[in-house]
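Participant:
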Amino acid sequence: MKATLESIIELNLAQVRRRIADAARRSGRDEASVTLVAVTKYTSLNAARALYDMGLRDFGESRPQAIVERAAQLPPDIRWHLIGHWQTNKVRRTLPVVRLLHSLDRIDLLEALEKELHRSQGMLEALIEVNLTGEAQKHGFSAEALRGHWSRIIAKDSPLSIRGLMAMGRFDASEDEWRATFSQARRLRDELAESATQAGHRFDHLSMGMSADLETAIAEGSTLVRVGSALFEGLDDAADS
Ligand SMILES: *Cc1c(COP(=O)(O)O)cnc(C)c1O
Numbered sequence: 248m249k250a251t252l253e254s255i256i257e258l259n260l261a262q263v264r265r266r267i268a269d270a271a272r273r274s275g276r277d278e279a280s281v282t283l284v285a286v287t288k289y290t291s292l293n294a295a296r297a298l299y300d301m302g303l304r305d306f307g308e309s310r311p312q313a314i315v316e317r318a319a320q321l322p323p324d325i326r327w328h329l330i331g332h333w334q335t336n337k338v339r340r341t342l343p344v345v346r347l348l349h350s351l352d353r354i355d356l357l358e359a360l361e362k363e364l365h366r367s368q369g370m371l372e373a374l375i376e377v378n379l380t381g382e383a384q385k386h387g388f389s390a391e392a393l394r395g396h397w398s399r400i401i402a403k404d405s406p407l408s409i410r411g412l413m414a415m416g417r418f419d420a421s422e423d424e425w426r427a428t429f430s431q432a433r434r435l436r437d438e439l440a441e442s443a444t445q446a447g448h449r450f451d452h453l454s455m456g457m458s459a460d461l462e463t464a465i466a467e468g469s470t471l472v473r474v475g476s477a478l479f480e481g482l483d484d485a486a487d488s
């Protein structure tokens, strides 16, 4: 059973890596400039461990509770990426395990994080989540809201290090629509980069691209792709036990 799980994941991983490498080459980029974040939210601990054994160290979870539980069960050298909504009442418990927050999506979260980081004398690297598709069910700042809050977000002497932006394409959109969304995220990043850098932030990341749209995201400059289902395709309950 275990061999089956591992061989399925190994094939999937090889395919995802090939897609990343091909997309990088097509846009004249170094494939090493794109980090694969394995999103393990759909899958078992065994499947996550198999990916670890294949050398992956960047893992993403969308729920704070899941990231705390998985971090306790998996090796300590994993870099955990929180990619989903973070309730302010879960900040204290989750903060110690988060290496990079992709989903800083509102000012009250920023304030709760600063407060907790001051208390614990820590720091946190974070990406600002932008909602460029206007979907009401999605979190994140609109471009306008982000410009409005920008000086607050990059305030000097904050324990938050703002590393870039995170954007999502609309589910089931066309490639052209994905491209428009990702290109808008890239231009927004470019627009904000100088002020961020002047305020002391290393503003160099664009987190965009998932299983369906990673090629388009890489063509538009993504540095972090968050891939879940493509890594675990073909794993049914029988194999994953
Ligand atoms: C689930 C999730 C992903 C992974 O999506 P797949 O389509 O399964 O690759 C990426 N980003 C976020 C924010 C997610 O919630």
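In terms of this note's numbering, the sequence shown is residues 248 to 488.
C-beta atoms are modelled at their ideal positions from N, C-alpha and C, and glycine is treated no differently.
#1: Would you tell me roughly how many angstroms separate the C-alpha atoms of residue 367 and residue 312, rounded to the nearest one?
#2: Would you mind listing the alpha helix (DSSP H) stretches within the stretch 426-478 that are 4+ residues and don't spill past its ends, in chain order?
#3: Given this structure, state the Cα-to-Cα distance separating residue 290 from residue 336, to the nearest angstrom.
#4: In chain order, what are the residues with a CB under 5 Å from some non-hydrogen atom of ligand 1?
#5: Between the stretch 365-381 and the stretch 346-353, can you find at least three pairs of beta-carbon atoms closer than 8 Å?
#6: Any contact between the stretch 252-262 and the stretch 447-466? By contact I mean 3 or more CB pairs, one from each, below 8 Å.
#7: At the level of alpha carbons, what is the spacing between residue 287 and residue 459?
#8: Quick one: grab the DSSP three-state call for residue 282.
#9: Classify residue 387 as helix, strand or coil using the three-state DSSP reduction.
#10: Buried or exposed for residue 342, going by 16 or more other Cβ atoms inside 10 Å?
#11: Taking only runs that begin and end inside the stretch 289-358, name each unbroken beta strand (DSSP E) of 3 or more residues, in chain order.
#12: Which class does residue 401 belong to by DSSP, given the choice of helix, strand or coil?
#13: Does DSSP put residue 373 in a helix, a strand or coil?
#14: Which residues in the same chain have their Cβ closer than 7 Å to the Cβ of residue 422, if we skip the five residues on either side of it in sequence?
#15: Determine the extent of the beta strand (DSSP E) in which residue 411 is found, giving its start and end residues.
#16: For residue 332, I'd like the list of residues in its chain whose CB is within less than 8 Å of its CB, leaving aside the five on either flank, ordered along the chain.
#17: Between the alpha carbons of residue 425 and residue 442, how many angstroms are there, rounded?
#18: Pick helix, strand or coil for residue 265, following the three-state DSSP scheme.
#19: Can you tell me which of the three DSSP states residue 421 falls into?
#20: Report the rounded CA-to-CA distance for residue 192 versus residue 381, giving the unit in angstroms.
#21: By the 10 Å Cβ neighbour count, where 16 or more other Cβ atoms means buried, how is residue 354 classified, buried or exposed?
Facilitator: A quick look at the data gives this:
#1: Rounded to whole angstroms, the separation of the alpha carbons of residue 312 and residue 367 is 20 Å.
#2: 461-466
#3: Approximately 26 Å, taken between the alpha carbons.
#4: 286, 309, 330, 457, 458, 473, 474, 475 and 476
#5: yes
#6: no
#7: One alpha carbon belongs to residue 287, the other to residue 459, and they sit about 16 Å apart.
#8: strand
#9: coil
#10: buried
#11: 305-308, 326-329 and 347-351
#12: Note: residue 401 maps to coil in three-state DSSP.
#13: strand
#14: 463
#15: 407-414
#16: Excluding residues within five positions, the ones whose Cβ falls inside 8 Å are 309, 350, 352 and 386.
#17: Straight through space, the alpha carbons of residue 442 and residue 425 are spaced by roughly 27 Å.
#18: helix
#19: The answer is coil: DSSP assigns residue 421 none of H, G, I, E or B.
#20: With the chain running from 248 to 488 in the structure shown, residue 192 is simply not present.
#21: So residue 354 ends up on the exposed side.
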